[in-house]
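Here is the structure we will look at, set down as structure tokens.
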Amino acid sequence: MTSPTPDEMIAALEAQGNFRVLRRLHPIEPMREVPTGARRAVLVDVETTGLDPSKDEIIELAMVPFFYSANDEIVGIGDSFSALRQPSRPISAEVTKLTGIDSAMVAGKSIDPADVAAFADGNLVIAHNAPFDRRFLERFCPALAENPWACSMSEVGWAGEGFESSKLAYLALSSGFYYDRHRALNDCHAAIELLSRPLPVTGMRALAALLASARGTTLRCWAENSPFESKDVLKLRGYRWNGDDNAQPRAWWIDVREAEIEAEKAFLCSEIYKRVLPLPTAKITAFNRHSDRILPG
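Quick note: to get this note's numbering, add 7 to the position in the sequence shown (first position is 1).
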């Protein structure tokens, strides 16, 4: 009598309806020949010494290129870029605990910004939490400000697809796989795996949903100098607070589609300010989305 294979044992467990087996993610091998007509995008992830791009530094950077067809389906990946970097100050124990990276691992290591720019090569750059990664990477490699960017965390409607969190590890576990977390290259492969899969409610591939968002144009509207007592109304409507020290107004803001901007302005004037007044807005595309370069025009 032959022993059942792992796949047969998994199938038997899951057929009972009381078990769900998680599988370790094994990244696919890089393709040697890119299909004709395939487009290239780059999934990036950074590990850093902290959360503030104005003073904290990148200690690890991974970039994994992938290729997708004209109907926005991932058809393969390319050779990855992964490197460590020694920061100007020792890595804290908290960061080492989170990332597994300590000062000894990065001693003498460096990353050339020119190599980063050449690898990205003007392609769409995707990060899972792009507002974080983009600010760090544009400071480290200013050439990346010229690339279009997209966020696999916020530009896919995970909540509407039944996911209770858009964090990468949660999405992976909910999708039936696990991986070694908090190392940049592993995070990149996990995000690509998620983007390659169909979403559970709409059936649309996650990459197609992401690209539809990235290709669109939105307008940012700021509720500058809004009354303090209106904050709960604004939060309920989806506004977010900008308290960072950047060039944008220190105010509540929301991003809406171009067709919705006049209605949004009318809401602010009637419900928040109780009078008609000019309101600052800015046009947003993949070239400035998730950056600090969104300025009222």
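For each residue, glycine too, the CB sits at the ideal point set by N, CA and C.
1) Give me the Cβ distance between A121 and S76, rounded to the nearest whole Å; I'm assuming they're in contact under 8 Å.
2) Curious, which full-length alpha helix (DSSP H) runs of at least 4 residues does the stretch 45-121 contain?
3) Identify whether D14 lies in helix, strand or coil by the three-state DSSP scheme.
4) Quick check on this structure: which residue in S161, F184, G183, N249 has the alpha carbon closest to the alpha carbon of S306?
5) Since V240 is in the alpha helix (DSSP H), which residue starts that stretch and which ends it?
6) From the beta carbon of H33, is the nearest beta carbon of chain D less than 7 Å away?
7) Helix, strand or coil for F184? Go by DSSP, reduced to three states.
8) Below 8 Å CB to CB, which residues in the same chain sit around E21 once its five sequence neighbours on both sides are set aside?
9) Indicate the three-state DSSP secondary structure (helix, strand or coil) for R141 in the structure shown.
10) Whose CA, out of L131, A100, T225, lies closest to the CA of M70?
11) Could you tell me which residues DSSP pairs with D262 in its beta bridges?
12) Roughly how many angstroms separate the alpha carbons of C228 and P149, rounded to a whole number?
13) Determine the DSSP secondary structure at V132, reduced to helix, strand or coil.
14) Is the stretch 187-194 touching the stretch 256-267 in the sense that three or more CB pairs, one from each, lie closer than 8 Å?
15) Tell me which residues share the same chain as P303 and place their Cβ nearer than 7 Å to its Cβ, disregarding the 5 neighbours each side in the sequence.
16) Is A191 near the ligand MG, judged by its Cβ being under 6 Å from some heavy atom?
17) In terms of residue numbering, what span does the beta strand (DSSP E) encompassing C158 cover?
18) In the DSSP assignment, find the unbroken beta strand (DSSP E) run with I291 in it and report its ends.
19) Under 7 Å, do V123 and Q93 count as touching if we go by C-beta distance?
20) Note down, in chain order, each residue of its chain lying with its Cβ closer than 7 Å to the Cβ of D63, except the 5 sequence neighbours on either side.
21) Just confirm the distance between the C-beta atoms of L217 and L202, as a whole number of angstroms; I'd bet it's less than 8 Å.
22) Using a Cβ-Cβ cut-off of 8 Å (strictly less than) and excluding sequence neighbours within five positions of A179, which residues of its own chain qualify?
23) Can at least three beta-carbon pairs, one atom from the stretch 34-43 and one from the stretch 79-99, be found at a separation below 8 Å?
24) Which stretch, first to last residue, makes up the alpha helix (DSSP H) that contains F274?
25) Starting from the Cα of L214, find the closest Cα among N253, K272, F73, S181 and give me that residue.
26) Considering Cα atoms alone, identify which of L284, E67, E265 is closest to I108.
With the structure as the only source:
1) Cβ-Cβ separation between A121 and S76: approximately 31 Å, too far for a contact (criterion under 8 Å).
2) If one requires a minimum length of 4 residues, the alpha helix (DSSP H) runs lying completely within the stretch 45-121 are 100-106, 110-113, in chain order.
3) Residue state, collapsed to three classes: helix.
4) No answer is possible for residue 306: it lies beyond the span of the chain, which begins at 8 and ends at 304.
5) From DSSP, the alpha helix (DSSP H) with V240 extends over 238-244.
6) The structure shown contains no chain D, having only a single protein chain.
7) Per DSSP, reduced to three states, the secondary structure at F184 is strand.
8) Excluding positions up to five away in sequence, the list reads R27, V28.
9) Three-state DSSP puts R141 in a helix.
10) In terms of CA proximity to M70, L131 leads the group L131, A100, T225.
11) According to DSSP, which records beta bridges pairwise, D262 is partnered with R227.
12) Cα to Cα, the separation comes out at about 26 Å.
13) Looking at V132 - three-state DSSP - the assignment turns out to be strand.
14) Touching, no.
15) Shown here for P303: same chain residues with a beta carbon closer than 7 Å to its own, the five before and five after excluded, namely W229, P256, P287, T288, A289 in chain order.
16) Absence of the ligand MG is noted for the structure shown, with no ligands found whatsoever.
17) For C158, the enclosing beta strand (DSSP E) has its first and last residue at 156-158.
18) Note, I291: beta strand (DSSP E), 288-291.
19) No, the Cβ-Cβ distance between V123 and Q93 is not below 7 Å.
20) Taken in chain order, the residues that qualify are T55, T56, G57.
21) Indeed, because the Cβ distance is near 6 Å, the residues count as touching under 8 Å.
22) Hits under 8 Å: L32, Y185, Y186, A197, E200, L201.
23) Counting Cβ pairs under 8 Å, three or more are found: they touch.
24) Start and end: 268-274.
25) The alpha carbon of L214 has as its nearest neighbour, out of N253, K272, F73, S181, the alpha carbon of F73.
26) For I108, the nearest C-alpha among the options comes from E67.
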